[in-house]
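What follows is a single structure, written as structure tokens, with notes after it.
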Amino acid sequence: MWAYAARRTAIGLVLLLVLSFVTFVLFFAAPVDQARYACGKQCTEEQIAVTERALGYDKPVYEQWGAFVKGIVAGRQFPADPEVRAAAPETVSDCAAPCLGYSKLNAKTVNELIGDAAPISIALALVAVVMWLIGGVSLGILAAVTKGSIVDRGIVGLTLVAYAFPSFFIGVFMLKYVAIRWELVPLPRYVSIEDGGVFTWLENLLLPGFVLALLFLAGYVRMTRAFVLESLSEDYIRTARAKGLKGRVVLFKHGLRAALTPLVTMTGLDLAGLLGGAIITESVFAYPGLGLLTVQASNAWDLPTIIGVVVLAGAFVIVANIIVDIAYAFIDPRVRLG
Amino acid sequence: MGMKLRKALAVASASVLGLSLAACGGGDSDGSGGGSGDVEGTKGGTLYYLQHFPFEASDPQRIYYGVQLANWRRVFYRGLLAFPMSEDAEVGTTPVPDLATDTGTSSEGGKVWKFTLKDGVKWEDGSDITCEDVQYGTSRVFANDVIIGGPNYTLSYIDVKDYPGPYKATPEQQAAFEDAVSCDGKTITFRFNKPWADFPQAIAGMMMTDPYKKSFDEGEKSQWKVLSNGPYKIEGGKWDKNKGATLVRNDQYDPATDDPEQLRLALPDKIEWQIDPSDTAGELFNDRLIKDAGNDQYAITTARVAPPQFPQITGAVEDRYESVLSPYNSYLVPNHKKITDVNVRKALAVSLNLNGYVKALGGERVGEPGETIVNPGVSGAQDNPAFSEDNDNNGDPEAAKALLAEAGVKTPYPIKLAYQKSPTTDKAMAIVKESWDAAGFKVTLEGLSDTYYDVIAQPDKDVDVMWAGWGADWPSMMTVLPPLFDSRPNVSSTTCGNDYGCYQNDEFEALIDKAANSSDIEEQVGFLQEADKVLGEQYAYIPLEVSKFNWLRGSKVTGFATTPASSAYPEIGLIGVQN
């Protein structure tokens, strides 16, 4: 069992290394001269060469990647140029292990950038999860218990329509009409709990959280409806009803418990995929979370930040998979034997 | 250099550069302003500045966005010189003293410039601004591995060799720099290796020689720190890239050391500078200004009104609308490695339906046909005879066919036309294709995306004609023609730099050398006008449109104007709010 876990972990680490290397290679394959971009248009070839050295882009890709991996294990100092560090120690930034790099564009370590952005994405994700779980499960149950009625068809139809529109469109619609033209809600702007208190923090998360939740809501409505209907057709439900239990008790105490179990698994998987949705939602609402950080880094060819976010997101997915694999191995001995 | 229209468009109208001048306010017949924008402002209140893109830095030596240079010159960073807030093109592009006592004295044929600092000018921490601060700020530009991204024209002028900037200079290197940029009490002397006639214009617009306090400097970690010497300071001292900041009055700023009427009225007590870097921010800001509710009544924005919003500019909204010529021109560049016959290039120019192209872009609110690559706001701009004479801008396919016959080329002549792709440019380039196809060409359109300028800079590109855009860094043709067509700093084995057509012409380069060595501005302008004529005779470029900026403001904003110094963006030095 432990050997299996160790093997899966080792494979996960190799995958992460490959992921970071491929990102490096893709980045350098782009037709953009990084040093020229950073140095500015008046720079001569000599000055561009100096900038290239300072940024470490003069070294082969594998060497730059090696420095990156070393930083994760042992930490690094920036600027990379040792001459500058020695001559002007006030300009040095320490990046402790696991160091994901240093963004020249933002003058911060990638760890700091991710540290600043992650709480915003997590807050947005939490609000969205609560919304889609409460909304999706409630509407799914309602649809199930009114199966075949206009309510059922209305719920399923409307959530599918909402799902069919891209979140970019819904986000802009919400801002343009709901917030600006009709003034139904205040224009959302991220405010931290420290700056605005819990109420303001939450109030400003409602609209973007709702847009992100809509991405998942339709799926949860349909799945809940299907699971509840399936559960209600089981023999033990018939038995419960035959025993004279009230309909509400049968539904909530016996039917739902079985129906919701697969939804918990589904929620876990969807949480891992939230970054994709957050990129769009954060970009539309200008919430400076991991999604917006990724977009800005991509637009500005900020390699260290792109690598850092890719490795972090990849690590989440890989770790989640390892946990699932190991959990399966515990549950089903055939897996670890295979 | 100037800035490419790319950023101006891609960053949604954030002018990346150019302190250039645009013709000023009220360009549209019906867009002459009105409402409270014409009301003279009074001190007090809070102005809301809605910005739809993030800045790249708040360190003065790293700032290159034209709108940021212009605005921050008014609020935080006073320079030795500055451009006045006049709407008059000539007055607005003539530098006046700011931190310096006068506009400087030059000697040795424009190779030496001296400025003396005023008494009583201070940083926000109460310390005096010294000559050494100016010297140190100038030196930071040389550290182009630490202070990246800003304009660095001074590198090729200041008479010092192999100076790596203050962070890793040896004592000998530092001493050599301090000989080239020396202090004597409050007087700073710049020694150049060649004449720099338009140096005052360069430093009025750019912050390459702005003071910087050495003890405040943390190299690249200073990227978002602001130590103000202007009428405002930032609450907390740090600019937030994605949020902006709240600007409050700087109690160490003494208007007596300034010329508020010319340089900065500083009317609002507070400025809430809000950044929204989302892709949709520009459109939404203008939706809010059309709605004009709550604090948006006291707001201005960096985001131009988008063509789909034009139908909403009616009635009371129109009173808060302004359309002005921008500092940006766009143009087409033939690839001189592929189209070597001047008659073929001329055939492209004479057959171009420029009126149709501008109409496809959005019409007269979006731009007007250009007759040269030089923006009307640049000193000495004049129509280029190659494009202005006998040209109704509708295209003449028959004349083009005759030219192709004269060139003896096989028709249809294949042309691959590259441009930065968008739904609007697709439509406009379709007009170009239509007019050229009718003239004996066979055009293939090649719409490219984000890495556009990197692709067209490649020397071996498989493209015949390219779209490009440009705005001057300061109102001199020296920041237009040499950066775009001088092959010597641009063309190498790996790139054609900003000379996208890989153009090389000895006569042109001799003229810009004469211009560069002029100690007199008028003489310099004369050489550059001649150089533009040479470009026209060679059809080194084909002008497209001078773009326009369309602005809305809140109903309680006062003194709204755009000026040459503000790069045709709202002139924050003049703007106030009703109390």
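First to last, the protein sequences are chains F and B.
Take the first sequence: its position 154, counting from 1, is numbered 154 in my numbering, and each next residue is one higher.
In short: position in the second sequence from 1, add 338, done, that's my numbering.
Yeah, the Cβ is synthetic: ideal placement off N, Cα and C, and Gly gets one too.
None of these values were measured; they are calculated from a predicted model.
Name, please, each residue of chain F whose Cβ falls closer than 9 Å to the Cβ of residue i.
| i | result |
| --- | --- |
| Ala-542 (chain B) | Those do not exist, as Ala-542 (chain B) stays about 18 Å from chain F at its closest Cβ, beyond 9 Å. |
| Leu-755 (chain B) | Within chain F, no residue comes near Leu-755 (chain B); the closest Cβ sits about 19 Å away, beyond 9 Å. |
Output the boundary residues of the alpha helix (DSSP H) element that contains residue i.
| i | result |
| --- | --- |
| Val-129 (chain F) | 110 to 145 |
| Ala-740 (chain B) | 735 to 745 |
| Met-223 (chain F) | 193 to 232 |
| Thr-443 (chain B) | Run containing Thr-443 (chain B): none in the alpha helix (DSSP H); it sits in the beta strand (DSSP E), 443 to 445. |
| Cys-99 (chain F) | Careful: Cys-99 (chain F) lies outside any alpha helix (DSSP H) and carries neither H nor E. |
| Pro-166 (chain F) | It is not in any alpha helix (DSSP H) - Pro-166 (chain F) carries neither H nor E in the DSSP assignment. |
| Phe-725 (chain B) | 723 to 726 |
| Asp-471 (chain B) | 469 to 478 |
| Ser-825 (chain B) | 825 to 828 |
| Arg-85 (chain F) | 82 to 87 |
| Val-341 (chain F) | Residue numbering for chain F in the displayed model covers 1 to 338; residue 341 (chain F) lies beyond these limits and cannot be assessed. |
| Glu-52 (chain F) | 45 to 55 |
| Arg-683 (chain B) | 680 to 689 |
| Tyr-190 (chain F) | No alpha helix (DSSP H) contains Tyr-190 (chain F), which DSSP labels as neither H nor E. |
Pop quiz: residue i and residue j are said to be a contact at Cβ under 8 Å. What is the actual Cβ separation, rounded to whole angstroms?
| i | j | result |
| --- | --- | --- |
| Trp-889 (chain B) | Arg-642 (chain B) | 7 Å |
| Leu-293 (chain F) | Ala-117 (chain F) | 5 Å |
| Ile-401 (chain B) | Gln-473 (chain B) | Actually they are not in contact, since the Cβ atoms of Ile-401 (chain B) and Gln-473 (chain B) sit about 19 Å apart, beyond 8 Å. |
| Ala-315 (chain F) | Ile-306 (chain F) | Not quite, the Cβ-Cβ distance comes to about 15 Å (not below 8 Å), so this is no contact. |
| Ser-114 (chain F) | Leu-290 (chain F) | Per the sequence presented here, residue 114 (chain F) reads as Ile, with Ser not at that position. The Cβ separation is near 7 Å, so the contact holds. |
| Ala-91 (chain F) | Lys-559 (chain B) | Reading off the sequence shown, one finds Thr at residue 91 (chain F), where the question assumed Ala. Yes, they are in contact, since the Cβ atoms of Thr-91 (chain F) and Lys-559 (chain B) sit about 6 Å apart, within 8 Å. |
| Pro-304 (chain F) | Ser-103 (chain F) | 5 Å |
| Ile-180 (chain F) | Leu-187 (chain F) | 7 Å |
| Leu-601 (chain B) | Asp-436 (chain B) | 6 Å |
| Asp-81 (chain F) | Ala-54 (chain F) | 5 Å |
| Lys-456 (chain B) | Asn-567 (chain B) | Incorrect: roughly 11 Å between the Cβ atoms, too far for contact. |
For the beta strand (DSSP E) that residue i lies in, which residues bound it at each end?
| i | result |
| --- | --- |
| Thr-525 (chain B) | 525 to 529 |
| Ile-711 (chain B) | Looking at the DSSP string, Ile-711 (chain B) is not in any beta strand (DSSP E), and its letter there is neither H nor E. |
| Tyr-669 (chain B) | 659 to 672 |
| Lys-806 (chain B) | For the record, residue 806 (chain B) in the displayed sequence is Ala; it is not Lys. It spans 803 to 809 - the beta strand (DSSP E) in which Ala-806 (chain B) sits, taken as one unbroken run. |
| Val-643 (chain B) | It is not in any beta strand (DSSP E) - Val-643 (chain B) carries neither H nor E in the DSSP assignment. |
| Glu-425 (chain B) | Element bounds for Glu-425 (chain B): n/a, residue is neither H nor E. |
| Phe-78 (chain F) | 76 to 78 |
| Lys-754 (chain B) | 751 to 758 |
| Asp-870 (chain B) | Here Asp-870 (chain B) belongs to no beta strand (DSSP E); instead the alpha helix (DSSP H) covers 859 to 876. |
| Lys-780 (chain B) | 779 to 786 |
| Asp-775 (chain B) | Unbroken run through Asp-775 (chain B) is the alpha helix (DSSP H), 761 to 775; no beta strand (DSSP E). |
| Trp-611 (chain B) | 608 to 613 |
| Leu-388 (chain B) | 384 to 389 |
Which residues of chain F have a Cβ atom closer than 7 Å to the Cβ of residue i, listed in chain order?
| i | result |
| --- | --- |
| Arg-971 (chain B) | In the structure as shown, chain B begins at 339 and stops at 917. Residue 971 (chain B) is therefore absent and cannot be evaluated. |
| Lys-629 (chain B) | Ile-180 and Arg-181 |
Using a Cβ cut-off of 8 Å, pull out every chain B residue sitting near residue i, in sequence order please.
| i | result |
| --- | --- |
| Val-284 (chain F) | Ser-616, Asp-617 and Thr-618 |
| Pro-79 (chain F) | Asp-483, Val-484, Gly-557 and Glu-558 |
What does residue i reach in chain B if we use C-beta pairs closer than 9 Å?
| i | result |
| --- | --- |
| Lys-176 (chain F) | Thr-618, Glu-621, Leu-622 and Asp-625 |
| Asp-33 (chain F) | Asp-792, Ala-795, Thr-832 and Thr-833 |
| Pro-288 (chain F) | Asp-578, Lys-579, Asn-580, Lys-581 and Pro-615 |
Interface residues of chain B around residue i at Cβ under 7 Å?
| i | result |
| --- | --- |
| Val-172 (chain F) | Thr-618 |
| Ser-93 (chain F) | Lys-559 |
| Ala-54 (chain F) | Asp-483 |
So if I threshold CB-CB distances at 9 Å, which residues from the segment 551 to 585 of chain B count as touching chain F? Asp-555, Glu-556, Gly-557, Glu-558, Lys-559, Ser-560, Gln-561, Trp-562, Asp-578, Lys-579, Asn-580 and Lys-581
Stretch pair the segment 496 to 507 of chain B + the segment 62 to 76 of chain F: three plus CB contacts closer than 8 Å: no
Please name the residues in the segment 598 to 618 of chain B whose beta-carbon is closer than 7 Å to at least one beta-carbon of chain F, in chain order. Asp-614, Pro-615, Ser-616, Asp-617 and Thr-618
Would you say the segment 848 to 864 of chain B touches the segment 874 to 885 of chain B, given that touching needs at least three Cβ pairs under 8 Å? no
With 7 Å as the limit, tell me which residues of the segment 495 to 509 of chain B have their beta carbon closer than that to any beta carbon of chain F; keep them in chain order. Tyr-505 and Lys-506
So if I threshold CB-CB distances at 9 Å, which residues from the segment 820 to 836 of chain B count as touching chain F? Pro-821, Pro-827, Ser-830, Thr-832, Thr-833, Gly-835 and Asn-836
Could you please tell me which residues of the segment 105 to 137 of chain F, in chain order, have their CB closer than 8 Å to any CB of chain B? Leu-105, Asn-106 and Ala-107
If we count Cβ pairs, one from each stretch, closer than 8 Å, do we get three or more for the segment 218 to 234 of chain F versus the segment 134 to 144 of chain F? yes
Does the structure place the segment 752 to 761 of chain B close enough to the segment 771 to 790 of chain B that three or more beta carbon pairs sit under 8 Å? yes
Return the residues of the segment 302 to 313 of chain F that lie within a Cβ-Cβ distance of less than 9 Å from chain B, sorted by chain order. none
Taking 8 Å as the threshold, find out whether the segment 253 to 262 of chain F comes into contact with the segment 530 to 549 of chain B through three or more Cβ pairs. no
Hey, is the segment 521 to 539 of chain B in contact with the segment 386 to 402 of chain B, meaning 3+ C-beta pairs nearer than 8 Å? no
Can you confirm whether the segment 410 to 430 of chain B touches the segment 890 to 910 of chain B when touching is taken to mean that 3 or more C-beta pairs between the two stretches lie within less than 8 Å? yes
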